[in-house]
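Below is one structure, written out as structure tokens, with a few remarks after it.
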Amino acid sequence: MLTKLKRKFILINMVLVGAVLVFVFALICLNVYQTQKDAVDKSLYSGLVQLNYPYSDLPDMPNDSSMQDRFNSDSQSVAVTAVTLNSTATTGGNYIIMQRQSINFSMDDTLLIAAIDKVLEEGLSEGHIKSMNLFYLRSDDDGSIKIAFADGSRLHQTVKNTISVAALIFALSMMGLFFISVLLSTIAISPVKKAWTQQRQFVADASHELKTPLTVILANDNILLSHPDEPIENQKQWIESTDAEARHMHKLVEDMLFLAKSDAATSPLEIKLENISDLTWSTFLQFEPVAYERGVTLSSDIQGNVCLLTDASKTKQLLHILMDNACKYAEKGGEAKISLTGIKDKVRISVHNTGRPISPEDLPHIFERFYRADKARTIGDGYGLGLSIARSIVEQLGGNISVTSSESEGTTFTVILPKVKNKTNDKRSRKRLRRKNKKKDLKENSRPSFRDDELLS
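Under the working numbering, residues 41 to 497 are what the sequence shown spells out, in order.
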């Protein structure tokens, strides 16, 4: 699919740019032709002038001296032969050449006679004799017929050379464009390729993670069905196993839905001014018994009264993921620590744990979905989605998350959140948000409340 997409990109790019180049070169060739044709027309006029033809009798012929000089200068580049015939001239040589004038061009008598016969036969005031490659201009008055012939070989040669050069430039341009298109398509397709690879990996990993609990559930069901007469008490272990696997699968589906909503930007945020210090303390206290059970020493360095415009539920979820990850991988006898610091217009959250470090090869992928590092870090019943969800939450809140890990320093996840989302840290934004939240709270408090016994009655 990606190969076809790349080919389409190259083809469309070359067709569009090629069409533009053809249009531009066609305009250039037409312009060159028109310029040369204008020079030929002016030379024909100049040839008639050389026969002492009155300017006023020529159609559209300018009669001021400056224009006459320009005509004379233009005519120097085009070969012209002009003749004057008697007024009763007809084809077949029934005419008398009363006057003959040549400018840079002396026609052979045979060619001149054939050209005059062709002009008299056509009976037009101007035209082009293709067989002789001659342009002509004819003017009749009461006493004579005047005809000027201009050599068209220069015009056609110039146009031919222009077309040849344009074709060569077009071919070279298309060759260069092809290589540029290949390079651009590679650059343009790389994000699509990465997303496509991640999507395929995501589907494969999700299928693998769902397969295990489904297999256990089906096995438990088969056992239950094979003993239909057994009481529930005797079948309790299979029912509990099915319930546990179903809950695990439900959690996995919820995590995947959260990430899908985050990708589609359909997960709404309820931004309020929150005391992030209190949220951090609350999460810290929740994990004290967890750390105790796992034999991990838990400590904190939480700055007091740090306020942040954030979504409280998502911030709690973020802190919970990082703390759970730290306690899980600190190993028995290890340490885990959470720190919170307000830095000007930002808040810095740091979660550190000892234990085996993340390898340098795994660090760039640690936030990818379903990604797990070495076996030492696949402890527990997680699915490898926690850190992906943490990164998604941080990005929704307008911050960034990073990780460092080494044998001597341990592993540290660092989150930087702006105190005002979208980096707007002015007092007006804070006041508007406070007023909005205050109105919302007043509206909710103004609603009538009922006790449980009133509702039941």
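Positions of the beta carbon are idealized from the N, C-alpha and C atoms, including for glycine. No experiment lies behind these values; they were computed from the predicted model shown.
Asked, Found
"How about G438 and P458: do their beta carbons lie closer than 8 Å?", "yes"
"Whole alpha helix (DSSP H) runs in the segment 174-231 with 4 or more residues, listed along the chain?", "none"
"Run through the DSSP bridge pairs and tell me what H405 is partnered with.", "In the DSSP output, where bridge partners are listed per residue, H405 has none listed."
"State the Cα-Cα distance for the pair V455 and L359, rounded to the nearest angstrom.", "10 Å"
"Count the other CB atoms, across all protein chains shown, that sit within 10 Å of the CB of Q239; report buried if there are 16 or more and exposed otherwise.", "exposed"
"Since V123 contacts I156 with CB under 8 Å, what's their CB separation in whole angstroms?", "7 Å"
"Name the two residues that bound the continuous beta strand (DSSP E) containing F453.", "450-458"
"With I342 as the anchor, note down where its beta strand (DSSP E) starts and where it stops.", "337-342"
"In the DSSP assignment, find the unbroken alpha helix (DSSP H) run with S432 in it and report its ends.", "426-436"
"Given this structure, state the Cα-to-Cα distance separating S113 from A79, to the nearest angstrom.", "Per-residue confidence for S113 stands at a pLDDT of 48, beneath the threshold of 50, marking its modelled position as unreliable; no derived number is given."
"Can you name the start and end residues of the alpha helix (DSSP H) that Q90 belongs to?", "42-90"
"Is it the case that the Cβ atoms of L299 and I429 are separated by a distance below 8 Å?", "yes"
"Using 8 Å as the threshold, is the segment 339-353 in touch with the segment 308-315, meaning 3 or more CB pairs across them?", "yes"
"Since S445 and L380 should fall inside the 8 Å C-beta cutoff, what is the C-beta to C-beta distance between them, to a whole number of angstroms?", "With 8 Å as the limit, S445 and L380 do not qualify as a contact, their Cβ atoms being about 21 Å apart."
"Could you pull out every residue in the same chain whose Cβ sits closer than 8 Å to the Cβ of W321, ignoring the five residues on either side in sequence?", "S340, I342"
"Is S281 helix, strand or coil when you go by DSSP?", "helix"
"Report the option in L84, A206, T128 whose CA atom is closest to the CA atom of L174.", "L84"
"For a quick check, are the C-beta atoms of I229 and K46 less than 8 Å apart?", "yes"
"Beta-carbon separation of A129 and L164 under 8 Å?", "no"
"Along the chain, where does the beta strand (DSSP E) containing A129 start, and where does it finish?", "No beta strand (DSSP E) holds A129; DSSP gives it neither H nor E."
"Where W236 and V222 are concerned, what is the direct C-alpha to C-alpha distance, given to the nearest angstrom?", "20 Å"
"Is L70 near the ligand FMN, judged by its Cβ being under 7 Å from some heavy atom?", "With respect to small molecules bound, the structure shown includes none, and the ligand FMN cannot be examined in it."
"Is the beta carbon of V118 sitting closer than 8 Å to the one on A188?", "no"
"Among S448, F407, Y411, whose alpha-carbon lies nearest the alpha-carbon of E435?", "F407"
"Check each candidate in I143, M215, V72, D81 and name the one with the smallest Cα separation from Y176.", "D81"
"So what does DSSP say about A119, is it helix, strand or coil?", "coil"
"Quick check: the segment 319-333 against the segment 358-377, are there 3 or more CB pairs under 8 Å?", "yes"
"Would you call L325 buried or exposed, if buried means 16 or more other Cβ atoms sit within 10 Å of its Cβ?", "exposed"
"Classify A370 as buried or exposed, calling it buried when 16 or more other Cβ atoms lie within 10 Å of its own Cβ.", "buried"
"Report all residues from its chain with a CB closer than 7 Å to the CB of G335; omit the five preceding and five following residues, and keep chain order.", "K372, G373"
"Kindly indicate the opening and closing residues of the beta strand (DSSP E) around A376.", "375-383"
"If you draw a straight line from the alpha carbon of S193 to that of L42, how long is it in whole angstroms?", "53 Å"
"When you compare only the Cα positions, how much space is there between G450 and C367?", "13 Å"
"Kindly indicate which three-state DSSP category I136 falls into: helix, strand or coil?", "coil"
"Consult DSSP for H168 and reduce its assignment to one of helix, strand or coil.", "strand"
"Would you mind stating whether M363 and V391 have Cβ atoms separated by less than 8 Å?", "yes"
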